[in-house]
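Once you know that position 318 of the sequence shown is 317 in numbering that gives the first Met the number 0, the rest is easy, because the numbers rise by one and skip nothing. Structure, as structure tokens:
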Amino acid sequence: MIYFDNSATTKIGDEVLKAVLDTMENNFANASSLHRLGYETEQKIISAKKGIANIIGGKEDEIYFTSGGTEANNIAIFGVCDAYKKYGNKIITTKIEHPSVLKCFNELENRGFEVCYLDVDNKGYINIDNLINEIDDNTIFVSIMYVNNEIGTIQNIDEIGKKIKEKNKNTIFHTDAVQAFGKLKINVKYIDLMSVSGHKIHSQKGIGFLYVKNGVRLNNIIFGAGQQKGLRSGTINSEGIIGLYKASEIAYKNLNENFEKTSKIRKEIISLKDKIKDMCINGDEENGIPYILSLSFKDVKGEVLLHSLEDKGIFVSTGSACSSKNKKDLSTIYYVNENNLGSTIRVSFSFDNTLEEAKIFNNTILDIIPMLRIYTKR
Ligand SMILES: Cc1ncc(COP(=O)(O)O)c(C=O)c1O
Numbered sequence: 000m001i002y003f004d005n006s007a008t009t010k011i012g013d014e015v016l017k018a019v020l021d022t023m024e025n026n027f028a029n030a031s032s033l034h035r036l037g038y039e040t041e042q043k044i045i046s047a048k049k050g051i052a053n054i055i056g057g058k059e060d061e062i063y064f065t066s067g068g069t070e071a072n073n074i075a076i077f078g079v080c081d082a083y084k085k086y087g088n089k090i091i092t093t094k095i096e097h098p099s100v101l102k103c104f105n106e107l108e109n110r111g112f113e114v115c116y117l118d119v120d121n122k123g124y125i126n127i128d129n130l131i132n133e134i135d136d137n138t139i140f141v142s143i144m145y146v147n148n149e150i151g152t153i154q155n156i157d158e159i160g161k162k163i164k165e166k167n168k169n170t171i172f173h174t175d176a177v178q179a180f181g182k183l184k185i186n187v188k189y190i191d192l193m194s195v196s197g198h199k200i201h202s203q204k205g206i207g208f209l210y211v212k213n214g215v216r217l218n219n220i221i222f223g224a225g226q227q228k229g230l231r232s233g234t235i236n237s238e239g240i241i242g243l244y245k246a247s248e249i250a251y252k253n254l255n256e257n258f259e260k261t262s263k264i265r266k267e268i269i270s271l272k273d274k275i276k277d278m279c280i281n282g283d284e285e286n287g288i289p290y291i292l293s294l295s296f297k298d299v300k301g302e303v304l305l306h307s308l309e310d311k312g313i314f315v316s317t318g319s320a321c322s323s324k325n326k327k328d329l330s331t332i333y334y335v336n337e338n339n340l341g342s343t344i345r346v347s348f349s350f351d352n353t354l355e356e357a358k359i360f361n362n363t364i365l366d367i368i369p370m371l372r373i374y375t376k377r
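This is the structure we're talking about:
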């Protein structure tokens, strides 16, 4: 089996699994319990928080654990916009955000906020000058994704964060870093809030975190027993947190090595361009994140290609590019060439993948694309 769908989710790592099982067995007590067992769990959570904060250049008390990226995005967006609405009504995002951001903005628009959805160019980049022009005294919040989940474009988040504050120091800046964390060196110096998900970096599903810079205010969207300073009530998911911490440590220990490895895999697959007609790379071929590659093949249906590859034991995804143009959440239409809509697949890698797998993928593509094209033309 060749698993090239790592941006959808990853397989739990061996060491991560070991740490999770150990926590379930030996630190099962509720971290809020006052007895010794509760205290021991709490200590493990505190060291995980410290370790994660250290990785991103933040502080221990700026980390809030969530059930994943979707919840972190919802808490950040609704929490900030509700807390700051008395200072302004304008909020800004991009047209290519993940639905867990885009749909929050749609909802806030329904509730009366003025929302600006920024365009991107054909490689998926926002125009930073346009963003800055849109920011005025009334702008309370900006959310821009770090790495796009469909084509892998990396926005210049540091420059964006810095320029937002230069224009309006009161505008709060959030980034969805779900496809960036564990893959890029990240420092939160110019970021007010950041969402991360564990299952994209070989941790388990159902765990993530939201970074919130000290001083940024959030109104609660979840009410309960007041865990995590009341921002995210609910019994602390200790095994989730320990798994996420272990996966983060592993990812950051080998960051450069993994980057190089996946770059070679991505490059190998890009080389298909010289061997097959009418194939195009969506996004930034040169500078996109090496973990994601979006490919379009003229006259081939993305879903048919996905299943043909599956028949050969290769697992990829279509992203949302296979949908019709009318679909509301179809961000891909902004950067996939019009003629290629419906024929796009996303291959996404992890440090677990090998160059050999990329070569097998290429040979399989060379075998099946001509056949699928004949079939389409019939
Ligand atoms: C960019 C981005 N944001 C948010 C999410 C949602 O994360 P989760 O699955 O942890 O809720 C995803 C998942 O695909 C994503 O790729």
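Idealized CB from N, CA, C, for every residue including glycine.
- In this structure, K199 places its C-beta atom within 8 Å of the C-beta atom of T8.
- For S32, the CB stays at least 7 Å from every heavy atom of ligand 1.
- For Y38, the enclosing alpha helix (DSSP H) begins and ends at 35-55.
- In the structure shown, T317 adopts coil according to DSSP, grouped into three states.
- Between the alpha carbons of G205 and G67 lies a distance of about 5 Å.
- Annotated three-state conformation of F27 is coil, per DSSP.
- Of A246, C80, I131, I76, the smallest CA-CA separation from G50 is found for A246.
- Around the C-beta of A18, 16 or more other C-beta atoms lie within 10 Å, and the residue is accordingly described as buried.
- In terms of Cβ geometry, I1 and F314 form a close pair [threshold 8 Å].
- For the set I62, K94, N137, N132, the Cα lying nearest the Cα of Y116 is the one of K94.
- The DSSP-derived three-state label of M144 is coil.
- In the three-state reduction of the DSSP assignment, H198 falls in the helix class, which pools H, G and I.
- Where H306 is concerned, the enclosing alpha helix (DSSP H) starts and stops at 301-310.
- Cβ-Cβ distances below 6 Å link V114 to I90, F104, E108 in the same chain, with the five nearest sequence neighbours on each side left out; the list follows chain order.
- Between the alpha carbons of I143 and I150 lies a gap of roughly 15 Å.
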